[in-house]
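Data first, discussion second: the structure below is written as structure tokens.
Residue numbers (the working numbering): 133 to 227.
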């Protein structure tokens, strides 16, 4: 895994069903997130079932929503101009 896959200008939206969508931009066109892990006020993405080294801080209001979420919709762009949408499950951090 590379050290940095991108950044999140953590924008989000919640629909009436309480489903959360996060919008991000990643620098690596081959990076395909398959889950997320929460660690206090930070979110990390998994790729190939391994937690990436990039940590993204999240606001308190998002933390509360993410703590309740079993999955999120992640919409992200890559440098090749493509827009991707994936539904990724919450995963437990491995110790």
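Where a beta carbon is used, it is the ideal one built from N, C-alpha and C, also for glycine.
Exercise for review: Measure the C-alpha to C-alpha separation of residue 165 and residue 158 and round it to an integer number of angstroms.
Suggested key: The sequence position of residue 165 within the chain shown is 33, counting from 1. The sequence position of residue 158 within the chain shown is 26, counting from 1. Answer to the nearest angstrom: the Cα atoms are 10 Å apart.
**Study point:** Inter-residue spacing [alpha-carbon to alpha-carbon] between residue 194 and residue 224
**Key:** The residue labelled residue 194 in the question sits at position 62 within the chain shown. The residue labelled residue 224 in the question sits at position 92 within the chain shown. Straight-line Cα distance between these residues: approximately 18 Å.
Check your understanding: Rounded to a whole number of angstroms, what is the C-alpha to C-alpha distance between residue 139 and residue 156?
Key -> Locating residue 139 in the chain shown gives position 7, where the first residue counts as 1. Locating residue 156 in the chain shown gives position 24, where the first residue counts as 1. Residue placement at residue 139 cannot be trusted, given a pLDDT of 47 that sits under 50; the coordinates are not used to answer.
Check your understanding: Whole-angstrom Cβ separation of residue 167 and residue 221, contact assumed at under 8 Å?
Key -> Start at 1 with the first residue of the chain shown, and residue 167 comes out as number 35. Start at 1 with the first residue of the chain shown, and residue 221 comes out as number 89. Contact flag correct, Cβ pair sits at about 5 Å.
Point to revise | CA-to-CA distance, residue 196 to residue 202, given in whole angstroms | key: Walking along the chain shown from the start, residue 202 turns up at place 70. Walking along the chain shown from the start, residue 196 turns up at place 64. Taking the straight line from one Cα to the other gives about 13 Å.
Practice item. Kindly indicate which three-state DSSP category residue 195 falls into: helix, strand or coil? Key: Taking the chain shown and counting its residues from 1, one reaches residue 195 at position 63. Of the three classes helix, strand and coil, the one that applies to residue 195 here is helix, per DSSP.
**Study point:** Beta-carbon contacts of residue 161 that lie in its chain and below 7 Å, excluding the five residues immediately before and after
**Key:** On the chain shown, residue 161 is found 29 positions in, with the first residue counted as 1. Excluding positions up to five away in sequence, the list reads 210, 211, 212.
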